[in-house]
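Structure first, commentary second.
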Ligand SMILES: NC(=O)c1ccc[n+]([C@@H]2O[C@H](COP(=O)([O-])OP(=O)(O)OC[C@H]3O[C@@H](n4cnc5c(N)ncnc54)[C@H](O)[C@@H]3O)[C@@H](O)[C@H]2O)c1
């Protein structure tokens, strides 16, 4: 297949486009490098430096494409609250440009990166795809929920095949966000630099950490689905932040001090997925243990430090 990956130069997109190439697909990475890195793009991929709102460039890029994997987005929750308009413009309007370019060129298959944020503070765990969606607590979550609704509309009215993947907490090599708001790279960096580890909520929160290569493989598994689907993509394993920290200390072979950061607005206390639905429909399951994933991630950051 020929696949266009928006945001393919970013953390998760870099793994997805490489896996697509490894499996014999041809790939176009479409990215404006606002948050991604040229060196994360595999040399086998065609790279187009472009933004979602560059209509003509996007339509030209979509010629003869079979499917779009849409990751291009701003992703920082705190930043989204400080500058809501840039998130609405980049994520929602950007996606509207993409959907129209797809409609104009007859490309009608899209896989979209959504997030567990759409469930807000859950009443019951694990979260299934039928769990209630809550009013978003931040603009980032609002943009993702709005895009999910847009996709449902394009499926119903313009016969798009759309798959929404609700990622839980992705981690792994190539995670180089600035600023970094995700816990695993922040803990690892602090430990490698022998600095105090910033921890919110006294480390009592619970999360579902999905290794990025497992997450990437879910995109390939859903590529041939028709109609409209929503899937959670997580491990189903709840992990307390304090236990995560202990695992990282164990792999590093030493401990550093903790910097108590208190509470953080907008955080949910506990979240983890049921990924039974994607397992039942396409056979996807997370394979990498947290220990193995952390070892690979720590090795990546050690190479970065050199
Ligand atoms: N990282 C996570 O844990 C996580 C969790 C849930 C959902 N997601 C979603 O997964 C996707 C990828 O996340 P990531 O962590 O790889 O982020 P990232 O910031 O590393 O990658 C995003 C990429 O999109 C590009 N981009 C942004 N706006 C663009 C635009 N208008 N036009 C063209 N390119 C643009 C950036 O340059 C970057 O390369 C995002 O949609 C994010 O919301 C991520």
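Residue numbers (the numbering used here): 1 to 306.
Quick reminder that beta carbons are idealized off the backbone N, C-alpha and C, glycines included.
Less than 8 Å separating the beta-carbons of residue i and residue j?
{"i": "residue 133", "j": "residue 154", "result": "no"}
{"i": "residue 167", "j": "residue 113", "result": "yes"}
{"i": "residue 76", "j": "residue 1", "result": "no"}
{"i": "residue 161", "j": "residue 202", "result": "no"}
{"i": "residue 263", "j": "residue 200", "result": "yes"}
{"i": "residue 87", "j": "residue 117", "result": "no"}
{"i": "residue 173", "j": "residue 297", "result": "yes"}
{"i": "residue 31", "j": "residue 9", "result": "yes"}
{"i": "residue 102", "j": "residue 92", "result": "no"}
{"i": "residue 237", "j": "residue 294", "result": "no"}
Which value, in whole angstroms, describes the spacing of the CA atoms of residue i and residue j?
{"i": "residue 74", "j": "residue 245", "result": "27 Å"}
{"i": "residue 208", "j": "residue 270", "result": "9 Å"}
{"i": "residue 95", "j": "residue 256", "result": "42 Å"}
{"i": "residue 159", "j": "residue 258", "result": "52 Å"}
{"i": "residue 274", "j": "residue 71", "result": "22 Å"}
{"i": "residue 210", "j": "residue 182", "result": "13 Å"}
{"i": "residue 204", "j": "residue 187", "result": "15 Å"}
{"i": "residue 6", "j": "residue 164", "result": "15 Å"}
{"i": "residue 144", "j": "residue 150", "result": "10 Å"}
{"i": "residue 27", "j": "residue 47", "result": "9 Å"}
{"i": "residue 225", "j": "residue 62", "result": "20 Å"}
{"i": "residue 240", "j": "residue 248", "result": "13 Å"}
{"i": "residue 85", "j": "residue 253", "result": "44 Å"}
{"i": "residue 306", "j": "residue 214", "result": "27 Å"}
{"i": "residue 40", "j": "residue 146", "result": "29 Å"}
{"i": "residue 278", "j": "residue 180", "result": "29 Å"}
What do you get for residue i, buried or exposed, if any count of 16 or more other CB atoms within 10 angstroms of its CB means buried?
{"i": "residue 11", "result": "buried"}
{"i": "residue 142", "result": "buried"}
{"i": "residue 265", "result": "exposed"}
{"i": "residue 90", "result": "buried"}
{"i": "residue 178", "result": "exposed"}
{"i": "residue 193", "result": "exposed"}
{"i": "residue 148", "result": "buried"}
{"i": "residue 175", "result": "buried"}
{"i": "residue 286", "result": "buried"}
{"i": "residue 35", "result": "buried"}
Review point. Between the segment 210-223 and the segment 231-239, do three or more beta carbon pairs fall short of 8 Å?
Key: yes
Check your understanding: Counting Cβ pairs, one atom from each stretch, are 3 or more of them under 8 Å apart for the segment 11-21 and the segment 55-66?
Key -> no
Point to revise | Completely contained alpha helix (DSSP H) runs for the segment 155-193, where each covers 4 or more residues | key: 183-192
Review point. Can you list the beta strand (DSSP E) stretches of 3 or more residues lying completely in the segment 2-50, in chain order?
Key: 2-6, 26-31, 46-49
Review point. Which ranges would you report for the beta strand (DSSP E) in the segment 53-92 if only whole runs of at least 3 residues count?
Key: 67-70
Exercise for review: Taking only runs that begin and end inside the segment 231-270, name each unbroken alpha helix (DSSP H) of 4 or more residues, in chain order.
Suggested key: 241-252
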